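Here the structure is laid out as structure tokens; the discussion comes afterwards.
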Amino acid sequence: MIDRRAELGLWVGRLETILISLGVLREDGELAIQVGSQFPKDVEDALDGFIENPIELMGLLKICRDARDGRPLSPAVLMAAHLMTREVLQALQDSELAGTSDTRA
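If you're matching positions, the sequence shown starts at 219 in the working numbering and goes up one per residue.
Structure below.
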């Protein structure tokens, strides 16, 4: 059986690392000042259809952090966060890889 809580704990660290490198989050895990209510264009393009704005992203991160820290979450919230985080992480990783290959060309 999949331990969704454990996976979320691992994924949130990777997600935060990517978001920090993209300038969306500060090192302390809060939104970067310049982000405001809109993502940078490359992040907006990568997350199109998954997350509409930085506030929604912060909500997802909060749920992931709660899961990692062992706070109570309903099974439905845990399942939805697991699915959404996997999709967001994949979209950002795909975008990151595309950006990396563009700079090598």
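Built from N, CA and C at the ideal position, the CB exists for glycine as well.
Nothing here was measured: the structure is a model prediction, and the numbers come from that model.
Rounded C-alpha distance that separates residue i from residue j
i    : j    : result
A285 : L301 : 13 Å
V306 : I269 : 8 Å
L296 : I220 : 12 Å
Q252 : R283 : 23 Å
A309 : Q256 : 17 Å
L291 : K259 : 32 Å
G277 : T235 : 17 Å
G288 : R223 : 8 Å
L267 : A294 : Contrary to the premise, residue 267 reads as Gly rather than Leu in this sequence. When rounded, the distance between both Cα atoms is 21 Å.
Top-ranked residue by Cα proximity to residue i, from the options
i    : options                   : result
L185 : A250, E225, G227 and L228 : A query on residue 185 cannot be resolved here, the shown segment of the chain reaching from 219 to 323 and no further.
A299 : L310, S313, E274 and E245 : E274
D312 : L226, L233 and N271       : L233
DSSP state of residue i mapped onto helix, strand, coil
i    : result
L278 : helix
L249 : strand
D287 : coil
S313 : helix
Q308 : helix
Residue span of the alpha helix (DSSP H) that contains residue i, given as start and end
i    : result
S239 : R222 to S239
E270 : Unbroken run through E270: none, as it is neither H nor E.
V242 : From DSSP, V242 is part of no alpha helix (DSSP H); its letter is neither H nor E.
L265 : K259 to L265
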